[in-house]
Structures are given as structure tokens and as C-alpha cells.
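Enquirer: Chains as they are written, first to last, in numbering that gives the first Met the number 0: chain A, 0 to 189; chain B, 0 to 186. Virtual Cβ for every residue (Gly too), placed ideally from N, Cα, C. In this text, all values refer to a predicted model and were calculated from it rather than measured experimentally.
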Amino acid sequence: MNCRFNLGGSKALLRLGALLCLLAASAGAQTSSGQLTITMKVQSSISLIFQDNASVGTPGFCPLTNANTNNVGLDLGTAAFPGNFHTSTCVNYQHLNAAFYEVSSAFDVVVTKANSSSPNYRLAAQISTPPPASVVWLINNVTLTNTSFTALDAADTFGQRITKTLQVQVRNNVPAQVLQETITFLATAN
Amino acid sequence: MLKTYISMMRGVVLAATLLACGSALAQTTATGVINGVLVNKNGISLQFDTDPAGVTLGAAGTNAATANFGSVSAFGPLSGGVTRPSVTAANFTVRTIFDVQVIQGGLTSTTYTLTANLAAAAPTGLSYKVDAVTLSTASQTIQTTGAYNTDVAHNLDLVISTAAPGAGGPVVGTPITTAINFTATAN
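(1) For Asn-119/A, decide whether its Cβ has a neighbour in chain B, counting only Cβ atoms nearer than 7 Å.
(2) What whole-angstrom Cβ distance do Met-115/B and Phe-181/B have, given they're in contact under 8 Å?
(3) Against chain A, does Pro-174/B count as a neighbour if the rule is that its beta carbon must be under 7 Å from one of theirs?
(4) Tell me whether Pro-81/A sits in a helix, a strand or coil according to DSSP, three-state version.
(5) Scan the region 44-68 of chain B for residues whose Cβ lies nearer than 7 Å to a Cβ of chain A and list them as they occur along the chain.
(6) Looking at the structure shown, is Val-135/A part of a helix, part of a strand, or coil, going by DSSP?
(7) Would you list the residues sitting across from Thr-110/B in a DSSP beta bridge?
(8) Measure the alpha-carbon distance for Pro-129/A versus Asp-48/B and round it to whole angstroms.
(9) Got a sec? Which residues, its chain only, sit under 7 Å from Ala-66/A by beta carbon, not counting five neighbours each side?
(10) Please compile the residues from chain A whose C-beta is within a distance smaller than 8 Å of the C-beta of Gly-75/B.
(11) With a CB to CB cut of under 7 Å and the five nearest residues on each side skipped, what residues in its chain are close to Asn-188/B?
(12) Just to confirm the assignment, what range does the beta strand (DSSP E) spanning Leu-134/B have?
(13) Output needed in chain order: residues of the region 152-171 of chain B with a Cβ under 9 Å from some Cβ in chain A.
(14) Nearest to Ala-185/B by alpha carbon, out of Tyr-147/B, Val-81/B, Gly-69/B, Phe-68/B?
(15) If you measure between the beta carbons of Ala-113/A and Ala-73/B, is that distance less than 7 Å?
(16) Ignore the nearest five residues each way along the sequence and tell me which others in Thr-95/B's own chain have a CB closer than 7 Å to its CB.
(17) From which residue to which residue does the beta strand (DSSP E) around Ile-33/B run?
(18) Please list the partners that Ala-113/A has in chain B, where partner means a Cβ-to-Cβ separation under 7 Å.
(19) Would DSSP call Gly-42/B helix, strand or coil?
(20) Identify whether Gln-125/A lies in helix, strand or coil by the three-state DSSP scheme.
Below you can see the structure in the form of C-alpha cells.
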């Protein structure tokens with residue numbers, strides 16, 4: 000009789016202990032973990048943007064449309080050979096000789112590098128279509144073609160403004176028309 | 000004497016018939032019970048899910064997922080699901096979005112706290128942010144009242160120095176792998 004009583008008491012103690020263990024486990028903060036593994040590969044890159052020159056608005060420095068991007072517009076207005084005619088007040092207009100006149104405007108090119116050890120870059124440009132006869136498109140007196148990139152600079156400094164002047168030279172026998180080109184600038188890290 | 004015998008036999012037959020009827024009516028039965036026991040354990044789980052606006056996670060739906068940003072650069076093209084929210088002279092940031100889903104059962108908790116830490120020190124030229132919290136090897140709190148049982152989107156930003164390799168910038172052209180540990184704790 001006493002033996003059965005004692006056994007029952009032990010079972011009760013065991014049950015109580017188990018319950019306390021469960022309660023203790025429940026009282027602890029419940030957590031769950033996970034791991035997100037990230038992979039990537041960093042590549043060197045450079046960017047080219049066009050900016051208004053500090054002298055924008057004065058003769059020879061027309062404002063760009065969409066400045067500070069790599070796709071801008073530069074309107075040189077309307078010009079004619081006779082009478083030094085030109086409508087834009089921000090262009091430079093001049094007669095080169097007895098047959099040609101030139102309209103020009105300057106702007107800045109800024110090339111930036113990232114994750115590159117390159118010390119400098121070279122700059123080239125190309126027009127998009129062959130110009131009409133007796134019309135010449137130039138950058139800093141370097142004639143551009145639509146067949147290949149023409150080198151402009153060999154070692155420009157990253158992050159610095161490089162001022163370039165777009166010139167359009169037109170002979171006095173060129174028929175009236177809209178002269179338009181898309182000029183692509185190519186910067187290549189050295 | 001004969002009558003007495005016949006009468007006794009009738010009694011015996013009647014008794015036998017009654018006994019037979021009695022055993023046919025009173026069937027033998029047995030009963031049993033099953034004592035069913037289920038221990039309903041409480042707990043929470045964490046899994047990573049692909050966000051519609053982010054990169055497709057490897058092993059999505061598990062707690063050990065991968066996110067591949069592909070090739071990243073300050074100015075070049077990026078993989079789908081990766082954006083470049085900022086570019087400065089000093090660094091650029093590429094971002095993807097991933098989801099965390101924490102599921103709970105058996106708890107009275109209504110929200111959870113999410114923490115994260117880098118499994119190892121960040122590689123040179125890189126830092127990692129989750130929801131603008133810069134990560135380190137020490138645990139950082141990302142969210143204090145996360146909702147259970149739903150995907151919660153988080154921004155994962157990689158801030159990359161624009162410096163050249165060897166000058167404080169990251170290695171270039173080599174895959175860089177980093178593991179981030181996340182822990183959800185029931186509030």
C-alpha cells in the first residue's frame with residue numbers, strides 16, 4: 000500500500016517537472032534565422048556628359064538643351080552668308096574668306112571614371128550623315144566625317160571640363176536648307 | 000411411471016430451448032478506447048521570397064537563398080531587378096528588393112523583430128544596407144514590428160566605392176560573395 004502511494008507521488012513529481020520544462024521552453028523568445036547570400040561583379044566604367052560652359056549665353060557659348068546628360072541639343076539658329084546674317088545671339092559668326100562663313104558655339108565635355116586605374120582618356124567624334132557639298136562640321140578645327148571616329152584628344156583628364164567648340168562652315172553657294180547632324184563623342188579610357 | 004418419464008423429458012426439452020434462446024439474444028461484446036495525443040508546438044520560421052521588383056532569388060521560399068546582382072558599375076548597364084539609385088563622385092549604390100516572410104504558429108505574438116548581420120567583414124570598397132541600415136558583423140535591427148504570414152519587402156543596397164582597385168575600391172571583374180544572416184524574433 001505504501002509502495003503504491005510512493006510510486007504515485009513520483010509520477011506526479013515527474014509530470015510537474017515536465018510541465019515546468021514546457022513552460023520554461025515556452026517562455027523563451029521564439030526565433031528563426033535565414034541566410035541570404037549575395038553575389039556580384041564590379042566592373043570599371045566611365046561616363047560622358049555635356050555641360051554648358053561657364054560663359055554660356057555670351058557670344059560663342061550657346062546653351063545646351065538637356066545639359067548634364069549624354070544626349071543634348073545645340074541650336075545654332077539661322078545664318079546666311081550675305082550681310083553676316085545670323086539670328087542667334089549666342090553663336091560666333093564670321094566670314095572665313097570670300098566664300099565661306101562659319102557659325103560656332105562651345106560647350107564642355109566631362110568624362111568621369113569609376114573603379115578604374117586608368118590615368119586619362121582619349122576623345123573622338125563622328126558625325127552621323129555625310130554633310131551636303133561645301134558644308135563642313137568641325138570640333139576645335141578638326142573636320143569630322145561620318146565614316147569613322149576622328150581623334151580629338153589623346154589624354155584628357157577624368158572629371159575635368161574639356162571645352163569643345165562645334166563649328167559649321169558653309170560655302171556661299173550652298174542652297175538654303177536645314178543643316179543637321181548628330182555628333183557622337185567617344186571617350187575611351189587609356 | 001411412463002407419464003412421469005414423459006413429463007420429465009418435456010421439462011428437459013423446454014429448459015434446453017430456453018437456454019438456446021437465451022444465448023442467441025445475449026451477444027458477447029468488447030470495447031476499447033484510443034487516447035489521442037498531439038503536442039502542438041509553437042514556433043516561427045523565416046523564408047526569403049523573390050520580390051516582383053527585385054532579382055529572382057535562388058532557392059526562393061527557403062531560409063538559405065541567393066541574390067545575384069550580376070555585373071554592376073557606376074555607369075554601365077545593370078541586370079534586371081537591379082537599380083542604381085545614386086551615383087556620386089565617391090560611390091554608387093545598386094539596389095534590389097527582396098521579401099522576407101515570417102510565419103508563426105502557436106504564439107500570442109502579433110509581430111516580430113528582424114535583425115541582420117554580415118556573416119563576415121565586408122570586402123574592401125563595399126558596404127551593405129538593408130532598408131538604409133548599414134550592416135556589420137554585429138546584429139543590427141532592421142524592423143521592430145514585422146507582420147507575420149506575409150511577404151515584407153526590403154531594400155538591399157550595395158554601396159560601392161568608385162575608387163580604383165588597390166586605392167580603396169573593390170576588386171574589379173571578380174565575383175564578390177557576401178552572406179547576410181537574418182533573424183526574426185517574436186515580440
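Expert: With the given structure in hand:
(1) no
(2) It should be noted that the sequence gives Ala, not Met, for residue 115/B. About 5 Å separates the two Cβ atoms, so the contact holds.
(3) yes
(4) helix
(5) Ser-44, Leu-45, Gln-46, Phe-47, Asn-62, Ala-63, Ala-64, Thr-65, Ala-66, Asn-67, Phe-68
(6) strand
(7) Ala-146/B
(8) 54 Å
(9) Phe-49, Gln-50, Asp-51
(10) Gln-42, Ser-44
(11) A query on residue 188/B cannot be resolved here, the shown segment of chain B reaching from 0 to 186 and no further.
(12) First-last for Leu-134/B: undefined, no H or E at that position.
(13) Leu-155, Leu-157, Ile-159, Ser-160, Thr-161, Ala-162, Ala-163, Pro-164, Gly-165, Ala-166, Gly-168, Pro-169, Val-170, Val-171
(14) Tyr-147/B
(15) yes
(16) Gly-53, Val-54, Ala-66, Phe-68, Gly-80, Val-81, Leu-155
(17) Taken as a continuous stretch (DSSP letters only), Ile-33/B belongs to no beta strand (DSSP E), as it is neither H nor E.
(18) Ser-72, Ala-73, Phe-74, Phe-91, Thr-161
(19) strand
(20) strand
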